[in-house]
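Please read the structure below before turning to the comments.
Encoded structure:
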């Protein structure tokens, strides 16, 4: 049994690597975490499934523009929906026409920019219909005559040059009376009359819910945020039928259609998946090629993936953490350096750490596991160090004095005596891994975090709990499991001293 | 008689503190030399110089004719039995595993290890204690196991660092008696460190009195009783005389 243990560990390591690389060749469609992005990703994915022989893998919870664009460049993602304004400002840092954007993306990144889908999801200003009618305001330029109105705007809009400061100059509004408010609070404040004007996105489903009117941008101040798909050139070469799919979708979604679809997800609580299917059925007469998975089977898949992520990460955290702890105990200088690095890793925000992983490992399970291992190191290294340090010096003298080599003293005396501490560290690390693995969804690794992120994005507590409750239960089970495993491994004599 | 252990001008400092100052001393083959002194006298440092747990800053230690500075320290330590206060047993190992650990280090077959462990455990009067854990033993039993472990490889030299100091007086007397009997059977060279004058007088062939890192007196017990050169010994002897009267 003792001799079999290293072989079993090696087999587990090899298997876990094999698992990580065994993804079948499919088109990976991604999106950011917003409702609109998820609907557009579903529209593209379902039309591919209906009209081409390709399989589709969805990664619809990626954490932000830079992250998902990095993933596209590195080839971890084949396509995702994006906006002209975002490409211009965030990726190309220019002010280009559509043709300019298309040429620049092709030249610089080898990425194909599809035709526009039709709608423009830009900034708009929203007011209560009643207030706007009473004051006779229809266009933004009408606001210049009403400096007494109270504005409530998102912090981002308050500061961006293409937000409030630019708007005030372009329309000669002077300095408006503005407070910064989180978006959903701003809508409530507007509905109750605490503010009279707020910024919004033109296709936001909430506008329909509250019945707000939007003001015409008569001086064309706001840049266009016209939706389209970005697709890797290499993907188009390998899967040429995608061109037909993109062509079929061009110009099919106007502002009103997109707003209605967003509202159905955000307000009526339909899934992006159903909304996309209905759109394709009505507009392109497409019947679904594949029935949507039941929630239960998706949950089971997420749970299994979560367990896999946790277990593989924990395994590697132990394989790296224990030797690092031994090294730290052996040399005071190295010990301080190791503890500093491992401690600092713990403080790196998870989203930043994940973003750093993408150029190195792409997206998916591998970078998520690497991040989880880095987060799991601290308790194991610290406890290994503490466990080795608490051994009474006379026992270390005894081991050395009777003639054990340093290696024998470590394997036969020091590590067994430190084992209860090391196991406590592994237990802490295991619980951290279960919790941290929920963020792995941000990088396309799946797991229960998919449900939690979707629940947060769609403001849907039921979906959120569907991820959060199993994650919490899993943490309890893993804690108990590692504890019991520890009792089996723990040297017997230590309970009697 | 040749010297089994020879200290030649050994000096050892810990920072500003001189633990040993220019100590020259021979431990004869087969004798039991007791090193006595109060805390901080350097007696334990002297013993730890023999199995190279401490390396002298000046002078040298010669064991069985070989200066230890040039030799393989792990091989040297395995030729020297080492017993410390409270036994120094490893709590996670059974008595048998503790006693047989040097056999494991030397690659002895498990059956041979078990047989030899049983043999030395019988020598110290703990024949059936092999499967127990140190946590299940009394202080005296742990100390006997410590001695058994030191005897495993049948070393010619044994170092004993206050082996009985942590025991209650009655158990200590029992173990001293037994140790004296054991010594007659084994005839090994022993360097025995203690702060207990009574123990030194009872067990030692010769007694080396240390204070402040220096060797002050080296006598047989009988001579020491006649001419105690240090206050430490003299005061103890006076007190004992008063008790007898």
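Residue numbers (our numbering), protein chains in the order written: chain A, 1 to 497; chain B, 1 to 245.
Think of the CB as a built atom: it goes at the ideal place given N, C-alpha and C, for glycine as much as any other residue.
Just so we're clear, the structure is a prediction, and the values are computed from it rather than from any experiment.
Residue i at chain A interface by Cβ criterion, 9 Å
i                      : result
residue 207 of chain B : no
residue 189 of chain B : no
residue 195 of chain B : no
residue 28 of chain B  : no
residue 117 of chain B : no
residue 105 of chain B : yes
residue 158 of chain B : no
residue 184 of chain B : no
residue 90 of chain B  : yes
residue 150 of chain B : yes
residue 94 of chain B  : yes
residue 85 of chain B  : yes
residue 130 of chain B : no
residue 133 of chain B : yes
residue 76 of chain B  : yes
residue 102 of chain B : yes
Any C-beta of chain B under 9 Å from that of residue i
i                      : result
residue 399 of chain A : yes
residue 486 of chain A : no
residue 387 of chain A : no
residue 274 of chain A : no
residue 493 of chain A : yes
residue 395 of chain A : yes
residue 402 of chain A : yes
residue 23 of chain A  : The predicted model places residue 23 of chain A with a pLDDT of 41, which falls under 50 and marks its position as unreliable; any figure quoted below should be read in that light. Not an interface residue.
residue 423 of chain A : no
residue 489 of chain A : no
Burial state of residue i, where buried means 16 or more other Cβ atoms lie within 10 Å
i                      : result
residue 65 of chain B  : exposed
residue 422 of chain A : buried
residue 5 of chain B   : buried
residue 113 of chain A : buried
residue 17 of chain B  : exposed
residue 478 of chain A : buried
residue 228 of chain A : buried
residue 249 of chain B : Because residue 249 of chain B is not part of the residues shown, which for chain B are 1 to 245, the question remains open.
residue 76 of chain A  : buried
residue 220 of chain B : exposed
residue 9 of chain B   : exposed
residue 241 of chain B : exposed
residue 480 of chain A : exposed
residue 247 of chain A : exposed
residue 308 of chain A : buried
residue 210 of chain B : buried
Proximity below 9 Å, CB of residue i to CB of residue j
i                      : j                      : result
residue 443 of chain A : residue 417 of chain A : no
residue 30 of chain A  : residue 80 of chain A  : yes
residue 255 of chain A : residue 118 of chain A : yes
residue 377 of chain A : residue 345 of chain A : yes
residue 31 of chain B  : residue 189 of chain B : yes
residue 150 of chain B : residue 83 of chain B  : yes
residue 448 of chain A : residue 474 of chain A : yes
residue 226 of chain A : residue 120 of chain A : yes
residue 71 of chain A  : residue 358 of chain A : yes
residue 206 of chain B : residue 34 of chain B  : yes
residue 125 of chain B : residue 113 of chain B : no
residue 232 of chain B : residue 40 of chain B  : no
residue 101 of chain B : residue 412 of chain A : yes
residue 312 of chain A : residue 369 of chain A : yes
residue 301 of chain A : residue 445 of chain A : no
Spatial neighbours of residue i in its chain, beta-carbon cut-off 6 Å, leaving aside the 5 residues before and after
i                      : result
residue 486 of chain A : 423
residue 149 of chain A : 196 and 197
residue 514 of chain A : Within the shown structure, residues of chain A are numbered from 1 to 497, placing residue 514 of chain A beyond reach of any answer.
residue 379 of chain A : 425, 428 and 429
residue 36 of chain A  : 262
Close beta carbons around residue i, own chain, < 8 Å, minus the five adjacent residues each side
i                     : result
residue 57 of chain A : 23, 26, 27, 28 and 29
residue 13 of chain B : 19 and 57
Same chain only: Cβ atoms within 7 Å of residue i, ignoring 5 sequence neighbours per side
i                      : result
residue 211 of chain A : 129
residue 55 of chain B  : none
ask   = At what residue ranges does the stretch 16-60 of chain B contain a whole run of the beta strand (DSSP E), taking only runs of 3 or more?
value = Runs of the beta strand (DSSP E) lying entirely within the stretch 16-60 of chain B, each at least 3 residues long, are 17-28 and 32-36 in chain order.
request  = Just list the alpha helix (DSSP H) runs in the stretch 77-120 of chain A, keeping only unbroken ones of 4 residues or longer that don't cross its boundaries, in chain order.
outcome  = Here the runs fully enclosed are 98-109.
task = Ignoring anything shorter than 4 residues or poking outside the stretch 144-193 of chain B, list the alpha helix (DSSP H) runs there in chain order.
result = The qualifying runs are 169-186.
Contiguous alpha helix (DSSP H) assignments of at least 4 residues, all confined to the stretch 241-267 of chain A = DSSP runs (the alpha helix (DSSP H)) wholly in the stretch 241-267 of chain A: 242-249 and 255-266.
inquiry  = If we require 4 or more residues per run, which alpha helix (DSSP H) segments fall completely within the stretch 315-390 of chain A?
reply    = Within the stretch 315-390 of chain A, the complete alpha helix (DSSP H) runs of at least 4 residues are 332-347, 350-361 and 365-389.
ask   = What residue ranges within the stretch 97-121 of chain B form continuous beta strand (DSSP E) runs of no fewer than 3 residues, ordered along the chain?
value = DSSP runs (the beta strand (DSSP E)) wholly in the stretch 97-121 of chain B: none.
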